[in-house]
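A short worksheet on the structure shown next.
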Amino acid sequence: MKYRMLGRTGLKVSELGFGCGSVGGLLVRGEYPKMRRAVARALELGIAYFDTASLYGDGQSEVNLGAVLREIGADPLVGTKVRLEPPDLDRVEAAIAESVEASLRRLGRERIDLIQLHNPFVPHSGPDWAGVTLHHFPAVLRAFEALERQGKVRFWGITGLGETEMLHQAVTGGGFHTVQVVYNLLNPSAGMQVPAGFPYQDYRQLVDRAASKQMGSIAIRVLAGGALSGTPDRHPVAARSVTPIATERDYAADVARARRFACLVEDGTVGSLVEAAIRFAISKPEISTALVGISSLEQLEHAIACANRGPLSADTLRRVHEIQAQVAKT
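For the sequence shown, counting from 1, position 143 maps to 145 in our numbering; every step adds exactly one.
Okay, here's the thing in structure tokens:
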């Protein structure tokens, strides 16, 4: 496993990160012995970053990850998240402090390496929608800075969901160390210019904007929630259904579009669509780590094997871009 710098934090993270969320589901709904084996194997193979959230399984992911790490005596980099609900927007600093304290208890840790705001960014928030606006930034930053002074967090970032212009303003404004970005074969707009008429949300090279601010970028939805496996089949512990983010309206349509990349498998360029997706994500050098949701030990080992084959070649990337352009037109 190779490592990259996480922006200006000074932390080194593995090119592939262990996603502990509900889509893959292992750390939420899996059997504990299988969780333990997968986490231990991930560490053995060089995974250095585990990403969870208070929202995943209503905190169960944090509980399980913390229990496993304590049992095996490991201390990797761990990131988790704060999700503000509508009533919290009038008490941002207190709500963030309370959420972090609860995450620390569930994880059984004294300090969180990376705490991230888990709300979408919108121009205006409302009583039924907990989107954050630029108005909330000062309070969010004050809360994170206070927690850092208390020794409870090391660095902080945002989940890059919401309106593109708001995300660029959040990144340009500074103050955050990292941003999570949707980046995959179906929607690569966070890392490259896309043609006019692009059918999905255009993130307008948010990764490059973050790099200009020395922020680390954490790629999410690398497999488009599993659609980039090219099959609608779901592992028993994976989420039964997946709501696409910044791609098609439904998962089946994402799967159909993913199959447009099957020519790379058919001619032997890659061994699977999953390999193509993972290697595409790490081909962007400004991506610090690419998160892959895990359902089983077998999925983990396959993902790591794919990452260890390295970035796609320049010729293969040109082919990928040609396919992406074709897909965007249909």
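Virtual Cβ for every residue (Gly too), placed ideally from N, Cα, C.
Short Cβ contact (7 Å threshold) for residue i with residue j
i	j	result
residue 21	residue 193	no
residue 179	residue 12	no
residue 219	residue 181	yes
residue 91	residue 63	no
residue 28	residue 81	no
residue 173	residue 212	yes
residue 292	residue 224	yes
residue 290	residue 113	no
residue 264	residue 249	no
residue 282	residue 187	yes
Where residue i sits in the DSSP three-state scheme
i	result
residue 154	coil
residue 272	coil
residue 220	strand
residue 331	helix
residue 235	coil
residue 292	strand
residue 182	strand
residue 123	strand
residue 134	strand
residue 26	coil
residue 59	helix
Per DSSP, cross-strand counterpart(s) of residue i
i	result
residue 16	5
residue 82	117
residue 51	79
residue 161	182
residue 21	53 and 295
Cα-Cα separation between residue i and residue j, rounded to whole angstroms
i	j	result
residue 55	residue 130	21 Å
residue 298	residue 45	15 Å
residue 140	residue 268	51 Å
residue 155	residue 111	10 Å
residue 203	residue 73	42 Å
residue 244	residue 200	22 Å
residue 163	residue 255	21 Å
residue 231	residue 148	42 Å
residue 284	residue 210	14 Å
residue 320	residue 170	27 Å
residue 38	residue 68	11 Å
residue 279	residue 221	12 Å
residue 317	residue 266	12 Å
residue 326	residue 276	16 Å
Proximity to residue i [Cα-Cα], best of the options
i	options	result
residue 239	5, 16, 36 and 18	36
residue 66	91, 105, 143 and 43	105
residue 25	327, 253 and 94	253
residue 86	116, 134, 250 and 236	134
residue 51	28, 64 and 17	17
residue 183	119, 143 and 149	119
residue 242	166, 142, 31 and 263	31
residue 216	175, 266, 248 and 316	175
residue 4	324, 328 and 307	307
residue 143	330, 167, 159 and 248	159
residue 88	150, 185, 304 and 121	121
residue 328	288, 261 and 206	261
residue 150	191, 98 and 47	98
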